[in-house]
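Notes for the one structure printed next.
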Amino acid sequence: MTPVYILNTLIILGIVVCAVLTVTVKRTLSSIICLAGCGAFVSLEFIVLQAPDVAIAEAAVGVVLTTIVFVVGLKKTGGGDEK
């Protein structure tokens, strides 16, 4: 087994764990944070696959911008106070 294979497997495992956590956690803000983690793992996978331009776009839009929009939208609508 090569180190790249092990790294690739760990990244994909991280993507799956974050995706499952995104849909199973109870609080909305926690779900948004898990979604951001999933995007970060996807961006890391693009770096491993030697696509740095796609990784930068995923990190900028998929992680940072989407998370900010979701959190601001959650706060503006008064959501996230569920028990």
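Everything in the sequence shown is counted per this note's numbering, starting at 135 for the first residue and increasing by one. Backbone N, C-alpha and C define an ideal beta-carbon position, used for all residues, glycine too.
- Task: Could you check the C-alpha separation between Y139 and F204 for me, to the nearest Å?
- Result: 34 Å
- To the nearest angstrom, how far is it from the Cα of V206 to the Cα of T136? 42 Å
- Item | Enclosing alpha helix (DSSP H) for V206 [first to last residue] | T200 to K210
- What does a CB cutoff of less than 8 Å around V176 pick up in its chain, not counting 5 residues either side in sequence? I149, E192 and G196
- Message: Helix, strand or coil for G196? Go by DSSP, reduced to three states.
- Response: helix
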